Amino acid sequence: MKTNKSYVLYTRVVLFIVFLVILAGSVVRTTHSGMGCPDWPKCFGRWIPPMNAGQLPKDYEKYLSKQDIDHSFNAFHTWVEYINRLCTGILGFAIIALIYWSFKKFYKTKPSIAWLSVFLMVIVIIESILGAMVVYANLAVDTVTIHLFPIFILAGICVLMIHKAQGNYKIQDTSLQWISTLALILVLVQIFIGTQVRESVDIFSKQFEYKQREKWLVNVGNVLTTHEVFAWIAAVACLFLFWKSLNYPRLQKMGFLLLLLVVIEFAMGFTLVKLGFPQYAQPIHLVIGSGILITLFSYRLHFGKNKSSIRKF
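Quick note: the sequence shown, position 283, residue 379 per the numbering used here, numbers continuous.
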């Protein structure tokens, strides 16, 4: 609907901010900056963190004593973590504006969109609480994993709101509907397996004192093999969807995007495994994997039943 064009554009901006949060969080993990701000919600007892050791509070050592990464003040780690928190804060304010707009525009005509916007804020609050738990748990690997998944829910809700606001007719293709559902599940499972690889890497990186990155994957074992096998299975499903999307003009751009993301993801996976686990590849690997998941979810939303369905043309 043309009247919803501005709303859809803004919701896409919110979705973009969600991916910025994913990127920022991944950079935090990659640079081992998760305890750069060892308290929460403040950072070294300040709302704006210190730039140098001279700005630290007198009792700053109590913040550093409980962690195993920074036993002295590290301004880089502090500001990487602080920027991550700022991104989440910006997302929160963007969602508040989206809630207002959603209720004003859709409460009477499409109330589900309005209530989905409220659910976005609920998830952001949950994500913030989990972020605090990560800090207080001193980056416990399982807590970090739990902290990841609500952000996917945020992105998925944004995509669902966009689809509802656009009001497009559904495509009727039962086989493609089931295959897209299967591909979505496969990628979700693949991401979960990837978190298990990351948990193992976190353990081994600590043993190597966060040095010699090329050795971090050596002892990961079966979980890495499973991750690689699932990557091929999920990729085949995605490539099949790309091929089938050529039959539907509405799906063609999404199909090409899916193809591009899969190629980049494989390139990053190869880089991590074969080229010494370089630091830059980790955030790209996670962001692209997240993009594949959300693209598949958007793809899947194009199928279903309605009064006037679109068939192959």
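Don't be surprised by glycine CBs; every beta carbon is placed ideally from N, CA and C. Just so you know, these numbers come straight off a predicted model, no measurement behind them.
Look up F326 in the DSSP assignment and say whether it is helix, strand or coil. helix
Residues sharing a beta bridge with R108, DSSP: Bridge partners of R108: none, in fact.
Compare the C-alpha of G290 against each of T277, L256, G263, A327 and name the closest. A327
Pull up the CB-CB distance for L356 and S276, whole angstroms please, since I reckon it's below 8 Å. Actually they are not in contact, since the Cβ atoms of L356 and S276 sit about 17 Å apart, beyond 8 Å.
Just checking N148 against the ligand ZN - is the residue's beta carbon closer than 7 Å to any of the ligand's heavy atoms? This structure simply doesn't include the ligand ZN, nor any ligand for that matter.
Would you give the residue range spanned by the alpha helix (DSSP H) that D298 belongs to? 270-303
Please classify C254: does DSSP put it in a helix, a strand, or coil? helix
Where does D155 land, buried or exposed, given buried means 16+ other C-beta within 10 angstroms? exposed
Count the CB pairs spanning the region 126-140 and the region 223-232 that are closer than 8 Å, and state whether there are at least three. yes
Selection from M257, I299, T239 that minimises the alpha carbon distance to P207: M257
Buried or exposed, going by whether 16 or more other CB atoms sit within 10 Å of the CB of I390? buried
Suppose the cutoff is 6 Å on Cβ atoms and the five residues either side in sequence are ignored; what does the same chain contact list for S386 look like? I118
C-beta atoms of I384 and I360 nearer than 8 Å: yes
A377 versus L116 - alpha carbon distance: 16 Å
Of the choices L342, T126, V285, whose alpha-carbon is the least far from that of L272? L342
Meets three-Cβ-pair contact criterion under 8 Å: the region 103-111 and the region 190-203: yes
What residue does the alpha helix (DSSP H) around N180 start on, and which one ends it? 171-202
Quick check: what's the CA-CA separation for P146 versus T241? 29 Å
A251 vs V104 beta-carbon contact at 8 Å: no
Contact check, L226 vs P246, beta carbons under 8 Å: yes
In whole angstroms, what separates the C-alpha of S394 from that of E157? 48 Å
Can you give the Cα-Cα distance for R294 and G365, rounded to whole angstroms? 13 Å
Cβ-based neighbour list, L194, same chain, cut-off 6 Å, excluding 5 preceding and 5 following: V110, S213
Less than 8 Å between C-beta atoms, sequence neighbours within five positions excluded: which residues of the same chain meet that for E223? T184, H243, P246, I247, L250
Pick out whichever of N100, L354, L382, I144 has its Cα sitting closest to the Cα of L182. I144
Let's test the definition: count the other Cβ atoms within 10 Å of the Cβ of S168 and tell me whether it reaches 16, buried, or not, exposed. exposed
Anticipated Cβ contact below 8 Å, I388 with V283, distance rounded: 6 Å
Out of curiosity, what's the CA-to-CA distance linking S102 and L320? 44 Å
What residue range is occupied by the uninterrupted alpha helix (DSSP H) comprising E223? 207-232
Delimiting residues of the alpha helix (DSSP H) encompassing Y386: According to the sequence provided, residue 386 is Ser. The question's Tyr does not apply to it. Looking at the DSSP string, the run of the alpha helix (DSSP H) that includes S386 is 377-396.
My guess is that L392 and L280 are in contact by the Cβ rule of under 8 Å, so how many angstroms apart are they, rounded? 4 Å
Rounded straight-line distance, which links the Cα of W339 to that of G351: 8 Å
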